[in-house]
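Colleague: Provided herewith is a single structure, encoded as structure tokens, for subsequent inquiry.
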Amino acid sequence: MKSRSCKLFFKLLLLISFLLVLISFFHHIPTLLSPTPTPLFPTEALPTKTGYLSVNPTTSSAVFYAFYEAQNPISPLSETPLIIWLLEIPRDQLSVAKHLFAAITSFIELDPLLFKSRPLYFAGESYAGKYVPAIGYYILKANNNLPVSQQVNLGGVAIGNGLTDPITQVATHAYYSGLINERQKSVLEKAQWEAIKLTKMRKWRLATNARSEVLRMLQGMTGLATLHDFSKKAPYKTEMVFAFLRKKEVRKALGLNTSKIYDLCSNDVATALHDDFMKSVKFMVEFLVKKSKVLLYQGHFDLRDSVLSTEAWVKTIKWEGLNQFLMANRKVWRVNGELAGYVQKWGNLSHVVVLGAGHLVPTDQAVSSQAMMEDWILERTLFSREEKGDVS
């Protein structure tokens, strides 16, 4: 499996369907299968179906997916939303979108009666701030040129701690968190302006390197275990996940090509996306929010793609509802009676700050994450259509 991601992920259970797309480029496409339960892997742990979906007939490239069907849906399956959680995929955003569109349409064709009418929600975190808007944008544009019978039913996109508009997000709130002093802030700002200058000059590779230098400097100044969560005394513990996904019996149970070796992070993917890193996809979000639901959420301990960095670029989007959104009250959000964070919403745009979480929100706050996604998709509680922000 060459889908190597540094992110831990979670399954949304019960009320909604979950389609986990693990990106993996192979030149061999095994047959679709339904995994067989074993004493080690009970039925509830296994995906409903797994397989490979062709994205490029010329090269025989394909993406691997694992599909978990809803267990206790509150509506007929043909009306139950599908969530597609995306991990990294190589090449530029247009190529990513084209490949994912091909994969999604292929998946729908596996069972048109079951999948065709179901709204699709795309979600992801971190660099998904680029390719989640890219696939949503591509779908809406493609739908304009397709007959209704061939259109993809896009419900919305969810971006967690995303890098979407790098030129705005290169700044950090470390100073305001008391992690660096004013002199260090001044030094860091010079490095940030270098990254911004190179981005404006469209020197993409150099701009990406400059942003990496900003993060390296910030790491050195703060001495933090990880910029992904400034509350942690040690980095995220991914070793057990890494070891688990390298087990042949696990890969076999998931229906993966067992001859491929799993790596936690892919240098190949990072290299392929290097020149694309500092390019903005803000215009795609601007297009999406006019036609579909958009959820932006951040863990408030994240120092890389923080709450403030997201708020900074959101303030600059071109959308007729922006002023109402900015004036909308940020409401206290509770899950099971406990404080979980804050929600700000107007029209199609929702922004959530998740307390007690860093860059990997589903890992840090799994229960809150599930509640957030379910309520946003099903338009319940603070995410209902009636909740327009109580502008005052």
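Taken in order, the sequence shown gives residues 547 to 938; the numbers are from our numbering. Just so you know, even glycine gets a beta-carbon here, dropped at the ideal spot from N, CA and C. These numbers come from a predicted model, not from an experiment.
Exposed or buried, what is residue 612 when buried is set at 16 or more other beta-carbons lying within 10 Å of its beta-carbon?
Modeller: The residue given as residue 612 occupies position 66 in the sequence shown. Per the 10 Å Cβ criterion, buried.
Colleague: Could you check whether the region 762 to 782 touches the region 721 to 739, counting it as contact only if at least three pairs of C-beta atoms, one from each stretch, sit closer than 8 Å?
Modeller: Flag = yes, the region 762 to 782 and the region 721 to 739 touch.
Colleague: Please list, in chain order, all residues of the same chain as residue 575 whose beta carbon is under 6 Å from its beta carbon, the five residues on each side excluded.
Modeller: Numbered from 1 along the sequence shown, position 29 holds the residue referred to as residue 575. Low confidence applies here, because residue 575 scores a pLDDT of 40, under 50, leaving its location unreliable; read the following figure in that light. Here the set comprises 598, 608.
Colleague: Thinking just about the alpha-carbon of each residue, which of 889, 884, 864 is nearest to the one in residue 874?
Modeller: Numbered from 1 along the sequence shown, position 328 holds the residue referred to as residue 874. For residue 874, the nearest C-alpha among the options comes from 889.
Colleague: Measuring straight from C-alpha to C-alpha, what distance separates residue 585 and residue 615?
Modeller: Translated into the one-based positions of the sequence shown, residue 585 becomes position 39. Translated into the one-based positions of the sequence shown, residue 615 becomes position 69. Between residue 585 and residue 615, the C-alpha separation is close to 21 Å.
Colleague: Looking only at its own chain, which residues have a Cβ that is under 6 Å from the Cβ of residue 780, when we skip the five neighbours before and after it?
Modeller: Counting from 1 along the sequence shown, the entry for residue 780 is found at position 234. Excluding positions up to five away in sequence, the list reads 771.
Colleague: Quick check: what's the CA-CA separation for residue 620 versus residue 626?
Modeller: Position 74 of the sequence shown, counted from the start, is the residue given in the question as residue 620. Position 80 of the sequence shown, counted from the start, is the residue given in the question as residue 626. Computed Cα separation, rounded: 8 Å.
Colleague: Verify whether the separation of the beta carbon atoms of residue 761 and residue 753 is less than 7 Å.
Modeller: Here residue 761 is taken as the residue at index 215 of the sequence shown, counted from 1. Here residue 753 is taken as the residue at index 207 of the sequence shown, counted from 1. Taking 7 Å as the Cβ cut-off, residue 761 and residue 753 do not qualify as a contacting pair.
Colleague: Does the distance from the CB of residue 906 to the CB of residue 871 come in under 7 Å?
Modeller: As a first step, residue 906 is located in the sequence shown; it is residue number 360 there, counting from the start. As a first step, residue 871 is located in the sequence shown; it is residue number 325 there, counting from the start. No, the Cβ-Cβ distance between residue 906 and residue 871 is not below 7 Å.
Colleague: Under 7 Å between the Cβ atoms of residue 849 and residue 897?
Modeller: Locating residue 849 in the sequence shown gives position 303, where the first residue counts as 1. Locating residue 897 in the sequence shown gives position 351, where the first residue counts as 1. Cβ atoms of residue 849 and residue 897: not closer than 7 Å.
Colleague: Let me make sure I understand the geometry here. Which of 914, 867, 882 has the alpha-carbon closest to that of residue 891?
Modeller: Working through the sequence shown from its first residue, we reach residue 891 at position 345. For the residues 914, 867, 882, the minimum Cα distance to residue 891 belongs to 867.
Colleague: Alpha carbon to alpha carbon, how far is residue 666 from residue 776?
Modeller: Sequence index remark: in the sequence shown, residue 666 carries index 120 (1-based). Sequence index remark: in the sequence shown, residue 776 carries index 230 (1-based). One C-alpha to the other measures close to 34 Å.
Colleague: Thinking just about the alpha-carbon of each residue, which of 682, 663, 647 is nearest to the one in residue 694?
Modeller: As a first step, residue 694 is located in the sequence shown; it is residue number 148 there, counting from the start. If we check each option's Cα against that of residue 694, 663 comes out closest.
Colleague: Quick check: the region 787 to 794 against the region 856 to 864, are at least 3 beta-carbon pairs closer than 8 Å?
Modeller: Judged by Cβ distances under 8 Å, the region 856 to 864 makes no contact with the region 787 to 794, as fewer than three pairs qualify.
Colleague: Can you tell me whether DSSP reads residue 739 as helix, strand or coil?
Modeller: As a first step, residue 739 is located in the sequence shown; it is residue number 193 there, counting from the start. Reduced to three states, the DSSP call for residue 739 is helix.
Colleague: What did DSSP end up calling residue 595 once you bin it into helix, strand or coil?
Modeller: By 1-based counting over the sequence shown, the position of residue 595 is 49. Here residue 595 sits in strand by DSSP.
Colleague: Roughly how many angstroms lie between the CA atoms of residue 677 and residue 642, to the nearest whole one?
Modeller: Counted from its first residue, the sequence shown places residue 677 at position 131. Counted from its first residue, the sequence shown places residue 642 at position 96. Looking at the two C-alpha atoms, the distance is approximately 7 Å.
Colleague: Which of the three DSSP states, helix, strand or coil, is assigned to residue 685?
Modeller: In the sequence shown, counting from the first residue as 1, residue 685 sits at position 139. In this structure, residue 685 counts as helix in the three-state DSSP scheme.
Colleague: Mapping the DSSP letters down to three states, classify residue 719 as helix, strand or coil.
Modeller: Sequence index remark: in the sequence shown, residue 719 carries index 173 (1-based). The answer is coil: DSSP assigns residue 719 none of H, G, I, E or B.
Colleague: Below 8 Å on the Cβ atoms is my guess for residue 714 versus residue 855; work out the distance and round it to an integer in Å.
Modeller: Here residue 714 refers to the residue found at position 168 when the sequence shown is read from its first residue. Here residue 855 refers to the residue found at position 309 when the sequence shown is read from its first residue. Yes, residue 714 and residue 855 are in contact; Cβ-Cβ is about 7 Å, under 8 Å.
Colleague: Would you check if the region 646 to 659 and the region 794 to 809 touch, i.e. whether three or more CB-CB distances between them fall below 8 Å?
Modeller: Flag = no, the region 794 to 809 and the region 646 to 659 do not touch.
Colleague: In whole angstroms, what separates the C-alpha of residue 839 from that of residue 755?
Modeller: As a working mapping, residue 839 is identified with position 293 in the sequence shown. As a working mapping, residue 755 is identified with position 209 in the sequence shown. Residue 839 and residue 755: Cα-Cα distance of roughly 33 Å.
Colleague: By Cβ distance, which residues of its chain are closer than 8 Å to residue 686, with the 5 residues on each side in sequence left out?
Modeller: Numbered from 1 along the sequence shown, position 140 holds the residue referred to as residue 686. 700, 833, 834, 837, 838, listed in sequence order.
Colleague: Less than 8 Å between C-beta atoms, sequence neighbours within five positions excluded: which residues of the same chain meet that for residue 683?
Modeller: On the sequence shown, position 137 is the one that residue 683 refers to. Cβ within range, chain order: 643, 827, 830, 833, 834.
Colleague: Taking C-beta to C-beta, are residue 706 and residue 735 nearer than 7 Å?
Modeller: Stepping through the sequence shown from its first residue, residue 706 is reached at position 160. Stepping through the sequence shown from its first residue, residue 735 is reached at position 189. No.
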